[in-house]
Every structure is written in C-alpha cells, then in structure tokens.
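Beneath this line is the structure, given in structure tokens, with notes to follow.
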Amino acid sequence: MSQPLSDRILNMSTSATLAMAAKARELRGEGKDIIGLSLGEPDFNTPDFIKDAAIQAINDNYNSYTPVDGYVELKEAIITKFKRDNNLTYTLPQIVVSTGAKQSLANVAGVLLNKGDEVILPCPYWVSYSDIVKLSEGVPVEVKTTIETDFKMTPAQLEAAITPKTKMIWFSSPCNPSGSLYSKAELEGLAKVLENHPDIYVVSDEIYEHINYTGKPHASMAQMPSMYDRTITVNGVSKAFAMTGWRIGYIGAPDWIARACNKMQGQITSGANCIAQRAVITALNADASVVDYMIDEFKVRRDLVLKLLNDVDGFKTNTPEGAFYVFPNVTHFFGKTLRGKTINNATDFSLYLLEEALVATVTGDAFGNPDCIRISYAASQDNIIEAIKRIKEAVS
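For the sequence shown, position 321 matches number 337 in the working numbering, and the numbering has no gaps at all.
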C-alpha cells in the first residue's frame, strides 16, 4: 500500500528538543533518574500577579472568540512595551498576536516566502527555523559561525551569503541555543550591508530579550533607521515571564506584512486564547524589573555551569551573554570510544550522555552546528551540580 502522508510532513524533521524530552520521559518511565537539561523552559512559576489577572478574566466571563490579531487592549500593551523597552514606535495595525512566537514565525514565512526564496540562517539557529522555512517552500542558507566569534555572523559573512534569491534573514538575539547576543554596533554593521540590498527582509526573534547579563540595553534590528520598514520583530512572554504554556507571541512589523499575517492566521487558528491574552496585558504593562529575580538566578546558574564545565576535560566553552543555555564545543570526543561506545558526532555524544550519565542535553546538529551540544541551565543549582558531576564521570 502506498504511503498516504504528504511529502510536506514526510520531509519535515521532528523537533530535536522535543524528541530528547520524550526520550528522557521514556527513560524516567523505566525508573531511570534522568536530569533534564534539554528543554528551553524556565523552571519558575508564572508570577502571581499575572495568574491573578487570568483568574479575574475567568470571573469576568472572558470566554468568546477573540479578534484574529488580538484584543485591542493587548495590542496597546505591546505598543507600550515596544516603546518603553526598545524605543520602537508601532501602531495597532502593525501588531499581530499569535498562539506563541512559533506561530508568529510560521505566519511570516507563509506570507513572505515563495518557492525557492532563500533565507539566511546564522548558525547555530533555533531548531524550528529551518523547517518553518522549508514548509513555506523557502530554502535555508546556513552561515557557519564558531565559538571563537561567540557564534555571531559578521557583516562579511552576511555579504558573502547573499544571492539574487535571498529574501530574508532570520536570527535570534539573545540566541537560542548559544546565548549570544548582538550589540547595537554589531547590528549596525549588518544593517550597513543590507542597505545595499533593499529587497531583503529581517526576522529578529527577541523572545529572550530580558534575559540579558551584559547590563546594557537590548538592541533591536528595527532600531536601525534603514531597517525599520523591513524588519519583523518577534517576541512573546514565554521566557521572561515563565509563561511557556500560555502560548502568546506577537510581532511588530510593517503594516502590510502584519495585515497579511492577520489574514493567514484567520484561516488557520483565528485569535489566541482569551484568558491568556488578558493575563499578558497585565504582564506587559508591568515594568520588566518584576522578573529581575529570575534573571539574577539564571546568571548565577550560568556562572556555575561554566565553572563546572571548565573542570571537565574536552569541553570548550565561551561565556553566553543572554538566554539560559551554554553551547560547548565537544569535538574533542569525536572518534573516541567511551564505555564501549564510539562517538562520531554531537548526536552520538548527546545520546551517550543521556544513556550513560542520565543527563538530557540536545545535539548541536539540530541547530545547524554539528560541533556542539546545548545545555540548558533552566534547572536548580543542585541538579546542575549533579548533572555535570555525572557528565565528568561519564567522559573521564
């Protein structure tokens, strides 16, 4: 019997982060004591003042379909947030609220990409970028970076990657999985290249914006005067406010792109969850300092992870400036045999750590960098200490 599934789904990769989480759950089901350092999810609870707003919305009988692009009050809160935190001015028609930032990204790809259009992805990139681009019949073009340059694309690399087919550039800052972030000066350098290519658009994924350890203001590509009219700024509340399951993301974009995203979303999911939207109004109207306690703790954990990993032979690290990941180079182990298992690549190494150290990480292959693994420190300090102790023993 022929396979009835579409080529579209057969050619799509499974999310490596979700696959590793599923494998870890399977081993836990077998009674294994797995420490999970694979998921990009804060281990804090959603702040009480946000939960209280959701409860109030339920009591106020918010239960009807929502506007496709979001409640006006939420869009106004997003406009206020963009101005307050990013010095970006948007109007109501330029904002679209979606069911998570992932849907925001899928909307943008769906409305801007035609078959064969190229999208430049500085590596490493978030695991879903490549497949979202492919799903819209675009062509991902990977630009390799290294740990020596803190995994950031240079203007020269950007210029070299541009072809007549280049339609867009996608990147995250702070970056998942590397934790790297682009300074304003570095974005200005990239923008200068793009000034000579006026038909190229930028997706700037800023979901980790507030998890920034530099002490300097977050820089947005749309702040560059030459790039405002062709940058789609993607954000949400999942990471900074510990609201991953609430599923609210949003974009600020040129109004013609936002209208197109609104049209597409109207045929797929319509508006996002009503209760979550009401809660996010409260979250975004609050000063970002209300979550400083989480950021402070993440920084302590980052420093702890780096200190412990620097005591493990074979791990090469840099110092991430944001997010809650480290992305060590592990090529030292390639070609070696550990406990009877040959390590050929980062995928082998990540699976080895899961099976032998009982620690879940994610292979860098999933992020376009086969030399590294991603370690999330969205876990307690005790779990981090125990996990890296196990890793050290497994590779010794």
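Glycine residues also receive a C-beta, built at the ideal position from the N, C-alpha and C atoms.
Asked	Found
Expected contact under 8 Å - CB spacing of TYR224 and GLY338 to nearest Å	6 Å
Where ALA376 sits in the DSSP three-state scheme	strand
Neighbourhood of LYS208 by C-beta distance below 7 Å, restricted to the same chain and skipping five residues each side	PRO171
Start-to-end residues for the beta strand (DSSP E) that takes in ILE248	247 to 252
Unbroken beta strand (DSSP E) run spanning ILE95, endpoints	Looking at the DSSP string, ILE95 is not in any beta strand (DSSP E); the run it does join, the alpha helix (DSSP H), is 88 to 102.
Proximity of VAL157 and ALA176 at Cβ, strictly below 8 Å	no
ASP221 - partner residues in DSSP beta bridges	SER188, VAL250
Boundaries (first-last residue) of the beta strand (DSSP E) holding ARG390	389 to 392
With 16 other Cβ atoms within 10 Å as the buried cut-off, status of GLN19	exposed
Entirely enclosed beta strand (DSSP E) segments - the region 338 to 382, minimum 3 residues	352 to 354, 357 to 359
Simplified DSSP state of SER146, which is helix, strand or coil	helix
Pair within 8 Å by beta-carbon distance, LEU108 and LYS91	yes
Where the beta strand (DSSP E) through PRO138 begins and ends	134 to 138
TYR393 vs VAL346 beta-carbon contact at 8 Å	no
Any 3 or more C-beta pairs closer than 8 Å across the region 307 to 316 and the region 379 to 390	no
Expected contact under 8 Å - CB spacing of LYS97 and LEU324 to nearest Å	Going by Cβ atoms, the distance from LYS97 to LEU324 rounds to 36 Å, so no, they are not a contact pair.
Residue closest to LEU26, alpha-carbon to alpha-carbon, out of THR82, LEU367, LEU151	LEU151
Cα-Cα separation, VAL155 to ALA395	35 Å
CA-to-CA distance, GLU211 to ASN61, given in whole angstroms	43 Å
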